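For the protein sequence lines, the chains are S and B, in the order given. Going letter by letter, the first sequence gives residues 134 to 599 in this note's numbering. Going letter by letter, the second sequence gives residues 35 to 1023 in this note's numbering. Quick notes on the structure that follows.
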Amino acid sequence: MANGTENIAEYSGTEQALDPDKLSFRGITDKISGITERRTPPVWFVAFGAAFSLFLVLLGSIGYLIWEGVGIWGLNNPVGWGWAIINFVWWVGIGHAGTLISAILFLLRQRWRTSINRFAEAMTLFAILCALIFPGIHVGRIWVAYWMAPLPNQMSMWPNFRSPLLWDVFAVSTYFTASLLFWYTGLIPDLATFRDRAKKKIKKLIFGILSLGWRGGNRQWRHYELAYLILAGISTPLVLSVHSVVSTDFAVSILPGWHTTIFPPYFVAGAIFSGFAMVVTLTIIARKIFSLDHIITLDHLEKMNKIMLLTGMMVGYAYSIEFFIAWYSGNIYEQFAFLNRAFGNYSWAYWIMISCNVLIPQIFWVKRWRRAVPVMFVASIIINIGMWFERFVIVVTSLSRDFLPANWDYYRPTFWDISTFVGSFGLFFTLFLLFIRLLPMISMTEIKGVLPQADPYHHCPGGHNE
Amino acid sequence: MNKNDKKNGQKYWQSLDQLTDSPEYRRYLLERYRDGNGEPDNSFSRRSFLLLMGASLALAGLAGCRRPVEKIIPYVSQPEEIIPGVPNYYATSMPFGNSAYGLIVECHEGRPTKIEGNPAHPSTMGSSDILIQASILGLYDPDRSGSARHKGGEKTYDEFVAFWNSLYEEFSKNRGEGLAVLSESFSSPTLARLKNNFTGRFPKAHWATYEPISDENIFKAIKNITGEDLRPVYHYDKADVILSLDSDFLQTESENIIAARGFSEKRNVAKNGGTMNRLYVVESAYSVTGSMADHRMRLASNQIGGLLIELAKHFRDFPEFKAINTSGGFDQDWIKSLFSDLIHPRKIAIITVGRNQPFWVHELAFAINSALGYMENTISLKKIKDASLPDRKSLNDLVEKIDNGSVKSLIIIGGNPVYNAPSDFRLKSALKKLEHSIHFSEYYDETSAVTEWHIPRAHYLESWGDVRSADGTLSVIQTMIEPLFGGKSDVEFYNLISSGEDRKGYNITRETWNDIIKGGNFETEWRRVLNDGLLKESSLPDEQFKLKKPRSSIIEDISYAEFKPSKDNLELTFQASKLYDGRYANNGWLMELPDPISKLSWDNAALISPATARELELNNGDIIQISHQGRRLEMPVWISPGQADYSIALPLGYGREFAGRIARGVGFDTYKLIDSFNKFLLIEASVTKTGRKHNFANTQDHNSMEGRPIVREADLLEFRRSPSFAKEMAEHPPLKSIFPDHDYSRGYQWGMVIDLNACIGCGACTIACQSENNIPIVGKEQVSRGREMHWIRNDRYYVGDTDEPQIVHQPVACQQCENAPCEQVCPVAATTHDKEGLNTMNYHRCIGTRYCSNNCPYKVRRFNFYNYVKDMPEVIKMAQNPDVTVRSRGVMEKCTFCIQRINRAKRNAKKENRTVKDGEVQTACQQACPAKAIHFGNVNDPESNVSKLKTNDRNYDLLGELNIRPRNSYLAKIRNPNPLLKGYKPDNV
């Protein structure tokens, strides 16, 4: 993948991003493998304990939900969807950054992605797992939720292919499968490294199986890189399609505030926005704890901040164009829906959304703040809060006040709405902590590939052309 | 295999019992192989062992899947008239105060499940109201009393009979000295006969009749001016102008069903030569009738008499009124315009006064009605026969007699006087002074708790008896089912106390009818009465209205208090609520039905006007203490636009202490404030804020239409100018769909039209639907979370400013869209279109994503958030309609145009090799509607009623601009304001 003259120019970029003085091939291997090989640090156990407790909260909440019914949530008659769907869309959105970084930036030869892609991909998978819980459990009869799948049955009955919920099932599961394959493919050379370094037999066996007989031969590399390229190609449209399809849950309906053609691009931009915010949050923690400053440098973070600034303005544009279209449409229901968002009974949520998603990212115009870790850490969290509220505003305000005013009602979450959402973080972090403990959280192979030493034209002490 | 069989005997399982090795099967084996020789071979060959194991594994879940074994007892001889699955319909009557309603009851395999009005009966004309519809649930109420009690301990009825017989002997000797009866009012030949027997046997006994809510003032007024016991029957179907003074004649006054029918017929512009009636309403609290008004004046109830005097001043017949000064400061223009309308030479006018108004207001109103000269057209006066009329004084006398010791034993027949008698009677303490007290009632209630004996009373559907309805028509109460809880019917109890004999109600009733049916074969005629539900041509003739007193003498009785309510001198009025006087308090359907005006479900509230609320600094839910002459009550307020200022309306019937699981502790007992003298209109009350709050369950949070074309309305002149105004109220681009159309050109295509000009908003449709479609009660907490389950709801919007708003009602059920948004989004295709245009629900397929509900612009879909039928008592299950699935948890449900009724009609038509006739299928809501606002039928048949209505100018589709093509359409509302009145129309309709 990395040859040809055009790469030389890029290297100058990478050289800034990675600190060559601290990095050697061996150093990278030691550093990354070492994280999983050393004794588990106590802080990991503390974190894992906390995350796992939250995961138990999720299980408990789901158990009670199945026992009692969705009545335990705050849903009511006009507001048929609440936190469950908001959480679903939010988690799916977060799951966007991983594949975007891996696939699209890969195709665009944005080589700075190498430090964060593994990380982001893992985050994607876990976020999608969290997301997938919600559509499954939010239905009234959880035990027959599988009827949404096109399974053969004695009634020879198909699901309704006109329903966007069904499209969701396909879109999200396809995305999950592709992301999983992509992630796993990327892991193979690193798993082989782990296998080679493993001292215990069982570990060697497991990594041996997982690395699928990787030997690092020239042919293998050629096939591998081609496969990776193809997967990147397959994944790229999925990044755009999955949230577009999720947005059709809303856009295809006739509800004012949902029924909008702008939703697919707007949702994709929002998803990238929140996905990058989540990557930044997690990256900052990980690089701090595992001292990875020299691999995930400020340049990486700054680039992500720039993307957040861009996508933040895209969603800001979407917010404003919705108002224009509502006015321009001449449709009284549309006009009301948007005025109600900004000034109605849920205006507090709207203004939280605007502040978090449109105003806060503007600080990244300032280079100093763009490179200040505490600033971006707080901002990234705020952005994700804002993105959660965006979904809240879309789902709840539109439903709570629709066509006939006699139906209007106010939606309030209950304890169980909140515990299920909080619990989903438990699942996310449990998986994430297991990941950073057991697998290479940074792609050793790809980092090595972008090191100056990997450049055939690189002049280094002891180099072959010396 | 055969070899195996020979070697080891058979190893194939004979039955599922054998496979699952149930105890029954083991016992069977023991019996069969008892002689040892035939003992089954326990040695398995390996092969047969595997075979069995395989089969066992395959069927391992079987034991868990099997339903509990229930013994089925077939009929030894099949009753001729019962075909399982096919309902039978019987006529009966529901006694109600001094009146009765003729009904048809649907029975499935011997259990009544649904009540309809009897089309042949003049009291219902095939319609019904909320109380009638809900009474079926009362039959199955598990909280009804199940046994006689003596001082709280259970006794048998026979023990009571023995007790009564000893008392009977005793009182027979002294001709009833010291004996008293407190009865409800009734109108029934048999009961009247038995009452006569009683007073004949015990001439010295005191008989009191008390009803908390009654027409006593009206009867008294008519007696004052004519000298006779007569009752008025209003003919609203003939009146062009109606003035209602505090009279909710469409909902809570007597004979409301035929009033609503007559009123709505006269409002039909097409059938009245392009015009319609005009309704003036003067009232303090917004009522259903007030919401139909063309002109409504809000006025404290105590000032209404003054307004009538002001009106009378305009008549030449009442010169003596000119001298009276009323303090009201009434709008003279309003009165003048009203007067000119009333005396309009081509219009027949009617003035009706509410039962809460003092009798002199009724007298004056009758005098004016008589002066108008249309009495014979609009109000018939009928003799009151076979009745026991309510008389507050008789209760007062009774209490006095108990207090001075001249009454020692009291029989209370029905009613719940400890709860609902005026508190200054101190009935509860009086009852404790008695030697013997007996209470005959359906529930072990507040009164039963303080009486010595309690005797369970049967529901009217469990009883034999007879009634005379308002116009005098005689009908029989026919029993539908044996008493479920062992109660005794009214006639049986009356017979016991009057003769000491415990006889069957059937025989007692027939005895009376032996005298009533004259000529012909008794058995044939009796059967005809049972079949028809009434005795034909038994209504009483109109009596001539003769003023006994000269008109001027009415004035002598008018002690018109100079009343002007203010912040410190508030007026209290008491209204019959949806629970009536509290007797239906344990009925969950009624409890959960939103009030037609306030939309409060479950609780009652002190209703105050927005201006008064501002002045007293009150908000919805603030608990206030209301004080009146030393009596105090704490209850929460609800701000009701259109309420008269400084007047507080207090619905009756709530706050029951000794009641069943539904009623207990719900709402506030407003009887505690009632005064025996002025009864339902009190003045000089004061209010203080307690600082505490109460949470209400309100089903409609938003009261304005926000300028949207939802209920489309015009006044008559506008309508004449542009008849299709309703269609022009919504603008939209050309309606095109991306989906191909269904073929709706063949077969039946069901459709509905709801006439908003007829609908009075009473809620009968909601309860009828609840009864027909097994809709669960969800409770106050769930309603307050917006999860009520009613398939047809009544939206109520206020129009105009908050102090003087108009009200419009709009019943909304599933609109059965042809381009249904719900169908498209269901991922499992659980809601689909059938070829007759119905948007059907497949409950078994539904997984509960609620997407359909989100995408429904009318929000008529209802979701089972919990298993709402989980805790349903066994006996209430008997009230369920077997033709309709009971929905489980997690399933969406909604109106399907009573598809079970459609299918029944189609089956019947197919058997007779014909098509379904127009009007043969009636939906439950349509059938119940007293105003006949709902029309249903085949829109593919151009001759059907519904097709014709859909071509009406006023016809419009609600939210039709969304291109969902609802099958249900509305006829726009028309009001008929008086053009002479300035500012008659609210600004922003």
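Every residue, glycine too, gets a C-beta built ideally from N, C-alpha and C. No experiment lies behind these values; they were computed from the predicted model shown.
Taking DSSP as the reference, what is the three-state secondary structure of B/N853?
-> Here B/N853 sits in coil by DSSP.
What residue does the alpha helix (DSSP H) around B/P1011 start on, and which one ends it?
-> Run containing B/P1011: none; DSSP gives neither H nor E here.
Contact between the region 368-379 of chain S and the region 194-201 of chain S (3+ Cβ pairs under 8 angstroms) = Because the criterion of three Cβ pairs below 8 angstroms is not met, the region 368-379 of chain S and the region 194-201 of chain S do not touch.
Is it true that the CB of B/S771 sits closer than 8 angstroms to the CB of B/N997?
-> Taking C-beta atoms as the reference points, B/N997 and B/S771 count as a pair closer than 8 angstroms.
Could you round the C-beta distance between B/L760 and B/R746 to whole angstroms and report it? I think they count as a contact, below 8 angstroms.
-> Here residue 760 of chain B is Ala; the residue named in the question, Leu, does not match the sequence. In this structure B/A760 touches B/R746 by the C-beta definition: roughly 4 angstroms separates them, less than 8 angstroms.
Interfacial residues, the region 848-874 of chain B to chain S, with Cβ spacing under 9 angstroms = Of all residues in the region 848-874 of chain B, P855, E857, Q858, V859, C860, P861, V862, A863, A864, T866 have a Cβ within less than 9 angstroms of some Cβ in chain S.
Close beta carbons around B/W623, own chain, < 6 angstroms, minus the five adjacent residues each side = In its chain, beyond the 5 residues on either side, A168, L171, I801, Q804 have a beta carbon closer than 6 angstroms to the beta carbon of B/W623.
State the Cα-Cα distance for the pair B/K928 and B/L613, rounded to the nearest angstrom.
-> The C-alpha of B/L613 is placed about 26 angstroms away from the C-alpha of B/K928.
Taking DSSP as the reference, what is the three-state secondary structure of S/H356?
-> In the structure shown, S/H356 adopts helical secondary structure according to DSSP, grouped into three states.
Using 8 angstroms as the limit for Cβ to Cβ distance, is B/N1022 near chain S?
-> Note that B/N1022 scores 37 on pLDDT, short of 50, meaning its location in the model is unreliable and no value can be drawn from it.
Can you list, in chain order, the residues of its chain whose CB lies under 6 angstroms from that of B/Q956, leaving out five sequence neighbours each side?
-> Its chain contains no residue whose beta carbon lies nearer than 6 angstroms to that of B/Q956 once the 5 sequence neighbours on both sides are disregarded.
For S/L298 and S/Y399, the rounded distance between their alpha carbons | Straight-line Cα distance between these residues: approximately 19 angstroms.
Classify B/A196 as buried or exposed, calling it buried when 16 or more other Cβ atoms lie within 10 Å of its own Cβ.
-> Classification of B/A196: exposed, given that the 10 Å Cβ count is below 16.
Hey, is S/Y543's beta-carbon within less than 8 angstroms of any beta-carbon in chain B?
-> So, interface residue.
Is the Cβ of S/N293 closer than 8 angstroms to any Cβ of chain B?
-> By this cut-off, S/N293 is an interface position.
To the nearest angstrom, how far is it from the Cα of S/N351 to the Cα of S/T578?
-> Approximately 14 angstroms between the Cα atoms of the pair.
Within the region 549-576 of chain B, note down every full alpha helix (DSSP H) run reaching 4 residues or more, in order along the chain.
-> Listed in chain order, they are 556-566.
Taking DSSP as the reference, what is the three-state secondary structure of B/E73?
-> Residue placement at B/E73 is poorly supported in this model, since its pLDDT is 40, which falls under 50; the coordinates are not used for a value here.
Determine whether the Cβ of S/R474 lies closer than 8 angstroms to any Cβ atom of chain B.
-> Not one chain B Cβ lies under 8 angstroms of S/R474.
Is the Cβ of B/G882 closer than 8 angstroms to any Cβ of chain S?
-> Yes, contact with chain S.
Bridge partners - S/E467, DSSP secondary structure assignment | Within the DSSP secondary-structure output, S/E467 pairs in no beta bridge.
Check each residue of the region 176-208 of chain S: if its Cβ is closer than 8 angstroms to any Cβ of chain B, include it; give the result in chain order.
-> Taking 8 angstroms as the Cβ-Cβ cut-off against chain B, the residues of the region 176-208 of chain S that qualify are E201, G202, V203, G204, G207, L208.
Of all the residues that make up the region 776-806 of chain B, which are near chain S by a beta-carbon distance shorter than 7 angstroms?
-> Listed by position, the residues of the region 776-806 of chain B near chain S (Cβ gap below 7 angstroms) amount to none.
At 7 angstroms on the CB atoms, spell out the chain D contacts of B/M739, in chain order.
-> The displayed structure is made up of protein chains S and B, and chain D is not among them.
Please name the residue in S/A180, S/M574, S/G231, S/L191 whose C-alpha comes closest to that of S/R420.
-> The shortest CA-to-CA distance from S/R420 to any of S/A180, S/M574, S/G231, S/L191 is the one to S/M574.
Excluding sequence positions up to five away, which residues of its chain have a Cβ less than 6 angstroms from the Cβ of S/F309?
-> Counting only Cβ-Cβ distances below 6 angstroms, and skipping sequence neighbours, we find I261.
Just confirm the distance between the C-beta atoms of B/P129 and B/F220, as a whole number of angstroms; I'd bet it's less than 8 angstroms.
-> With a beta-carbon spacing of about 6 angstroms, B/P129 and B/F220 fall inside the 8 angstroms limit used to define contacts.
Residues of the region 661-678 of chain B with a CB closer than 7 angstroms to any CB of chain S: list them in chain order, please.
-> Within the region 661-678 of chain B, no residue places its CB atom closer than 7 angstroms to a CB of chain S.
Taking Cβ-Cβ distances below 8 angstroms as the criterion, which residues of the region 279-308 of chain S are in contact with chain B?
-> In summary, the residues of the region 279-308 of chain S whose CB is separated from some CB of chain B by less than 8 angstroms are W280, M281, M290, W291, P292, N293, R295, S296, P297, L298, L299, V302, in the order they occur in the chain.
Does any C-beta atom of chain S lie closer than 8 angstroms to the C-beta of B/H348?
-> No, B/H348 does not count as interfacial toward chain S.
Could you tell me whether the Cβ of S/D535 comes closer than 8 angstroms to any Cβ of chain B?
-> By this cut-off, S/D535 is an interface position.
Members of the region 259-277 of chain S near chain B, C-beta cut-off 7 angstroms = Within the region 259-277 of chain S, contact with chain B at the beta-carbon level (separation under 7 angstroms) is assigned to V272, G273, R274, V277.
By a C-beta neighbour count over all protein chains shown, 10 Å radius and 16 as the cutoff for buried, is B/V787 buried or exposed?
-> Buried, since its Cβ has 16 or more Cβ neighbours within 10 Å.
8 angstroms Cβ cutoff, B/I744 in contact with chain S | Chain S contact via Cβ: present.
Are the Cβ atoms of B/D458 and B/S161 separated by less than 8 angstroms?
-> Contact flag unset, no.
Is B/A94 helix, strand or coil when you go by DSSP?
-> Any reading at B/A94 needs caution, since the residue's pLDDT is 47, under 50, leaving its predicted position unreliable; the model's value is listed next. Three-state DSSP puts B/A94 in coil, outside helix and strand.
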